[in-house]
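Enquirer: Residue numbers (the working numbering), protein chains in the order written: chain A, 1 to 199; chain B, 1001 to 1199; chain C, 2001 to 2199; chain D, 3001 to 3199.
Please find one structure pasted underneath; my questions will follow.
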């Protein structure tokens, strides 16, 4: 589903129509907010995709609450192409329109982050649906990471009303941070180490 | 295929165009029927997806009638983005248009439910294509669940002509019910129990 | 890729716009060529999908000619949504337009069938890329089936110039025939039998 | 993701609208730049897909830099439908517009090739993320192939400003070359040989 949402982003960019002696190159350059929106959303969805994949490799059981939270979370991710198109259309508009567009965009990402964190808190709380042998310290580090990320996305939303540019910059930084390695001593490393120690 | 149909839903929501001094925020709020349609259809397709996945884990053989019924069933699911867009466009319209839109929407879901139930009745009848060791009592509970669900979707269709709002409310309730756990003693639980008892 | 092409078909059907006192129901009924095109193409792609899947379960090796033929074949399948939209738009048009639309549609299917048959002839010739133990008699039956199917799709194309309706009817019949069971003694059955005989 | 980008290409081709006594056939013939763009892009993405698949079968470890390079590379691939639509719209236009469209198209492919090569250089350098037993000679042959390919795509970009037609021709030739077999003694062959020698 991530693969589809991420690939659909390009559909929202329409080919420009030139009339008379207009320059196609200039028209293409004027489309820069569309390219920017495409790049940011691609990076965000790509990062969320990798994180979702990593998290579900730790979740070894399932129940209907997890299923429901996951549907709502995916509903948010699949929604992203819409605020991306909005962003592309209204970044070059009036100040008021730009603020609205960036607020809707960062707001969508904040709500997505909230549901991702809820999903993780539900699955990881009391080791409810995850590997029972997972190090509680490691879990707490992950949880802190998600809660912090959510708070920062909500701040990006608030920032949109002050400076849309700063809000978008924060979103890019957040995506780049969450594509970075997780805290030292991640599960797979520890496991491998333990196995090789046994061997 | 479910993943694709569910992600395509967002394409049907177009970015609003503001003219002159119109407010973008107001225009975005006016799009609420689109968001509502997106959310309902996402929930419905997500639930059907999970149910289809669970059912096919019980179906261990295949034949050409099952293949044909499955193609027709998927044809109904992949059709859902169209009545969803119709719903979004005509919920704010005249009473007559709203009734038509909701009737087409709930009618599509009713036909989808009919084919899902036919598929299940065909596969489960005389244990035709399912695990022969499955508890007949459990099968009967599942069958009753599908037949009941189908009747309720047909009722939602009929209700559209009386009250479109009540029809949509029933559809949301049905999606939430079918995302709920299946009857006690589901196959996997029994299996696990039996295995652990053997152990 | 089949899953995506089949699900994209719905995008080509636009929601009708009613003006003034027009009836939405009537407008929806007038869209019947769109529903017909959707249903036929869904059936055709679904059938081709199942056949492609079955054939590739017999193909156990690969080379670059097969890869190239497969890309061209998939290029034809992924093209189908375009003639489907053409069909929907011009079935209600003038006789000349209807003939053109049906000819392009059936022509696309004929070319698709030609490449599918070429792919099979290449893979199965001298057991080039398939299981070497496969019964030559069975192979010949399959090959005959593909060659016959291709001839019939070419006939559907020719028929479009005489009677577009007859051409479409033949295409539906062909899709229904190819969803039917393959000749007796298919590989999997024989294998199972042999295995159970050994047991 | 490749499967989705490749299938989305068809969405960019709109059904022509005929007015009055215009000929539908002529209108369809006039769409040839759309068919050409579709065919070239399908071939290019299909070839890149196969190459990406083959390369990732050699990459046995992963890290966050690879993940990031892969996201940027996929961002380029998923972007291809946009310059394809641009190509289709402006090939029949003025010389200046045709040059711009072909330059954007070939430029996109060149940037895609650059990121693919960077990804490979990063993964293969010092056997960083690939099978440590891979023959260094074979690796050097592969690397040379990628670097050469990238240079040729950049030449296709430069050529667009001299002759758009020659640029497109070079792109088709490149796609056909990269669908051809890799240099003799590919990993799988060597492995099989070694295994059979052991046996």
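Even glycine gets a Cβ: it sits at the ideal position worked out from N, Cα and C.
(1) Using the Cα positions of residue 161 of chain A and residue 110 of chain A, report the straight-line distance between them to the nearest angstrom.
(2) Along the region 100-116 of chain A, what residues have a CB closer than 8 Å to any CB found in chain B?
(3) Could you check if residue 1012 of chain B is buried or exposed, using at least 16 other CB atoms within 10 Å of its CB as the buried criterion?
(4) Are the CB atoms of residue 2071 of chain C and residue 3179 of chain D nearer to each other than 9 Å?
(5) Give the single residue among B:1064, B:1093, B:1123 and B:1042 whose Cα lies nearest to the Cα of residue 1078 of chain B.
(6) Which word fits residue 2137 of chain C, buried or exposed, when buried means at least 16 other C-beta atoms lie within 10 angstroms of its C-beta?
(7) Suppose you measure from the CA of residue 1050 of chain B to the CA of residue 1037 of chain B; what does that come to, to the nearest Å?
(8) Measuring only the C-alpha atoms, how far is residue 82 of chain A from residue 163 of chain A?
(9) Anyone know if the C-beta pair for residue 1146 of chain B and residue 1171 of chain B falls short of 9 Å?
(10) Taking only beta-carbon positions, decide if residue 97 of chain A is within less than 9 Å of chain B.
(11) Under 8 Å by Cβ, that's how I've got residue 57 of chain A and residue 129 of chain A pegged, so tell me the actual separation to the nearest angstrom.
(12) With respect to the alpha helix (DSSP H) encompassing residue 139 of chain A, which residues constitute its N-terminal and C-terminal limits?
(13) Quick one: Cα of residue 3026 of chain D to Cα of residue 3004 of chain D, how far?
(14) Is residue 2146 of chain C close to chain B, meaning its C-beta is less than 9 Å from at least one C-beta of that chain?
(15) Would you kindly work out how many angstroms separate the C-alpha atoms of residue 2010 of chain C and residue 3131 of chain D, rounded to a whole number?
(16) Does DSSP put residue 13 of chain A in a helix, in a strand, or in coil?
(17) Taking 9 Å as the threshold (beta carbon to beta carbon), is residue 1023 of chain B in contact with chain A?
(18) Assuming residue 24 of chain A and residue 3100 of chain D make a contact with CB atoms under 8 Å, what is their CB distance in whole Å?
(19) Check for me: the alpha helix (DSSP H) holding residue 3033 of chain D runs from which residue to which?
(20) Name the one or two DSSP bridge partners that residue 1091 of chain B has.
(21) Mind checking whether residue 3102 of chain D and residue 3167 of chain D have CB atoms under 9 Å apart?
(22) Can the beta-carbon of residue 124 of chain A be found less than 9 Å from the beta-carbon of residue 148 of chain A?
(23) Compare the C-beta of residue 2038 of chain C against all C-beta atoms of chain D and say whether one is closer than 9 Å.
(24) Determine the closest residue to residue 1108 of chain B out of C:2035, C:2006 and C:2001, with distance taken between C-alpha atoms.
(25) Are any of the Cβ atoms in chain B nearer than 9 Å to that of residue 2174 of chain C?
(26) Please work out which residues of its chain come closer than 6 Å, Cβ to Cβ, to residue 87 of chain A, disregarding the five sequence neighbours upstream and downstream, and give them in chain order.
(27) Can you list, in chain order, the residues of its chain with a C-beta nearer than 8 Å to that of residue 2197 of chain C? Leave out the 5 residues immediately preceding and following it.
(28) Using three-state DSSP, classify residue 2080 of chain C as helix, strand or coil.
(29) Are residue 174 of chain A and residue 156 of chain A touching if we call contact CB-CB under 9 Å?
(30) Suppose the cutoff is 7 Å on Cβ atoms and the five residues either side in sequence are ignored; what does the same chain contact list for residue 3113 of chain D look like?
(31) Can you give me the C-alpha to C-alpha distance between residue 1142 of chain B and residue 7 of chain A, rounded to a whole angstrom?
(32) Would you say residue 1980 of chain C lies against chain D (beta-carbon separation less than 9 Å)?
(33) What residues from chain G crowd round residue 68 of chain A, counting only those whose CB sits closer than 7 Å?
(34) Would the beta-carbon of residue 2122 of chain C fall within 9 Å of that of residue 2066 of chain C?
(35) By how many angstroms is the C-alpha of residue 1093 of chain B removed from the C-alpha of residue 2014 of chain C?
(36) Pick out whichever of B:1089, B:1097, B:1068 and B:1084 has its Cα sitting closest to the Cα of residue 1118 of chain B.
Expert: Answer, in terms of the structure:
(1) Taking the first chain and counting its residues from 1, one reaches residue 161 of chain A at position 161. Taking the first chain and counting its residues from 1, one reaches residue 110 of chain A at position 110. Using only the alpha carbons, I get a separation of about 14 Å.
(2) 100, 101 and 104
(3) Within the second chain, residue 1012 of chain B is the residue found at index 12, counting from 1. Residue 1012 of chain B comes out buried.
(4) Sequence index remark: in the third chain, residue 2071 of chain C carries index 71 (1-based). Sequence index remark: in the fourth chain, residue 3179 of chain D carries index 179 (1-based). Against a cut-off of 9 Å, the Cβ pair of residue 3179 of chain D and residue 2071 of chain C comes out as a contact.
(5) As a first step, residue 1078 of chain B must be located in the second chain, where it is residue number 78. Minimum Cα distance to residue 1078 of chain B is reached at B:1042.
(6) As a first step, residue 2137 of chain C must be located in the third chain, where it is residue number 137. Exposed, because fewer than 16 other Cβ atoms sit within 10 Å of the Cβ of residue 2137 of chain C.
(7) Taking the second chain and counting its residues from 1, one reaches residue 1050 of chain B at position 50. Taking the second chain and counting its residues from 1, one reaches residue 1037 of chain B at position 37. Cα-Cα distance, rounded: 20 Å.
(8) Counting from 1 along the first chain, the entry for residue 82 of chain A is found at position 82. Counting from 1 along the first chain, the entry for residue 163 of chain A is found at position 163. Their Cα atoms are separated by approximately 21 Å.
(9) Walking along the second chain from the start, residue 1146 of chain B turns up at place 146. Walking along the second chain from the start, residue 1171 of chain B turns up at place 171. No.
(10) By one-based count along the first chain, residue 97 of chain A stands at place 97. With 9 Å as the cut-off, residue 97 of chain A counts as an interface residue toward chain B.
(11) Here residue 57 of chain A refers to the residue found at position 57 when the first chain is read from its first residue. Here residue 129 of chain A refers to the residue found at position 129 when the first chain is read from its first residue. The Cβ separation is near 12 Å, so there is no contact.
(12) Numbered from 1 along the first chain, position 139 holds the residue referred to as residue 139 of chain A. That run of the alpha helix (DSSP H) goes 136-159.
(13) Along the fourth chain, read from residue 1 onward, the residue named residue 3026 of chain D stands at position 26. Along the fourth chain, read from residue 1 onward, the residue named residue 3004 of chain D stands at position 4. Approximately 31 Å, taken between the alpha carbons.
(14) Looking up residue 2146 of chain C in the third chain gives position 146. False, the Cβ-Cβ gap to chain B never drops below 9 Å.
(15) As a first step, residue 2010 of chain C is located in the third chain; it is residue number 10 there, counting from the start. As a first step, residue 3131 of chain D is located in the fourth chain; it is residue number 131 there, counting from the start. Their Cα atoms are separated by approximately 44 Å.
(16) The sequence position of residue 13 of chain A within the first chain is 13, counting from 1. In this structure, residue 13 of chain A counts as coil in the three-state DSSP scheme.
(17) Residue numbering aside, residue 1023 of chain B sits at position 23 when the second chain is read from its first letter. At least one chain A Cβ lies under 9 Å of residue 1023 of chain B.
(18) Counting from one through the first chain, the residue named residue 24 of chain A turns up at place 24. Counting from one through the fourth chain, the residue named residue 3100 of chain D turns up at place 100. Correct: roughly 5 Å between the Cβ atoms.
(19) Here residue 3033 of chain D refers to the residue found at position 33 when the fourth chain is read from its first residue. Residue 3033 of chain D -> alpha helix (DSSP H) spans 3032-3058.
(20) Taking the second chain and counting its residues from 1, one reaches residue 1091 of chain B at position 91. Beta-bridge pairing links residue 1091 of chain B to no other residue.
(21) Start at 1 with the first residue of the fourth chain, and residue 3102 of chain D comes out as number 102. Start at 1 with the first residue of the fourth chain, and residue 3167 of chain D comes out as number 167. Yes, they are a contact pair.
(22) As a position in the first chain, residue 124 of chain A is number 124, starting the count at 1. As a position in the first chain, residue 148 of chain A is number 148, starting the count at 1. It is not a contact, given that the beta carbons lie outside the stated cut-off.
(23) Translated into the one-based positions of the third chain, residue 2038 of chain C becomes position 38. Taking Cβ atoms only, chain D never reaches closer than 9 Å to residue 2038 of chain C, which makes this a no.
(24) On the second chain, position 108 is the one that residue 1108 of chain B refers to. Cα-wise, what sits closest to residue 1108 of chain B is C:2035.
(25) By 1-based counting over the third chain, the position of residue 2174 of chain C is 174. No - not a single Cβ of chain B is within 9 Å of the one on residue 2174 of chain C.
(26) For the purposes of this step, residue 87 of chain A is taken as residue 87 along the first chain, with counting starting at 1. Counting only Cβ-Cβ distances below 6 Å, and skipping sequence neighbours, we find 37, 101 and 105.
(27) Looking up residue 2197 of chain C in the third chain gives position 197. Residue placement at residue 2197 of chain C is poorly supported in this model, since its pLDDT is 38, which falls under 50; the coordinates still yield a value, given next. If we look at residue 2197 of chain C and ignore the five residues flanking it on each side, it has no Cβ neighbours.
(28) Position 80 of the third chain, counted from the first residue, corresponds to residue 2080 of chain C. Three-state result, residue 2080 of chain C: coil.
(29) Sequence index remark: in the first chain, residue 174 of chain A carries index 174 (1-based). Sequence index remark: in the first chain, residue 156 of chain A carries index 156 (1-based). Their beta carbons are under 9 Å apart, which means residue 174 of chain A touches residue 156 of chain A by this criterion.
(30) Counting from one through the fourth chain, the residue named residue 3113 of chain D turns up at place 113. Contacts found: 3149, 3150 and 3153.
(31) Sequence index remark: in the second chain, residue 1142 of chain B carries index 142 (1-based). Sequence index remark: in the first chain, residue 7 of chain A carries index 7 (1-based). Answer to the nearest angstrom: the Cα atoms are 38 Å apart.
(32) Residue 1980 of chain C lies beyond the residue range present for chain C, which begins at 2001 and ends at 2199; the question has no answer from this structure.
(33) No chain G is present in this structure, whose protein chains are A, B, C and D.
(34) Walking along the third chain from the start, residue 2122 of chain C turns up at place 122. Walking along the third chain from the start, residue 2066 of chain C turns up at place 66. Yes, the pair counts as a contact, with Cβ atoms nearer than the cut-off.
(35) Position 14 of the third chain, counting from 1, holds the residue named residue 2014 of chain C. Position 93 of the second chain, counting from 1, holds the residue named residue 1093 of chain B. C-alpha separation (whole angstroms): 18 Å.
(36) Along the second chain, one-based indexing puts residue 1118 of chain B at 118. The residue with the shortest Cα to Cα distance from residue 1118 of chain B is B:1068.
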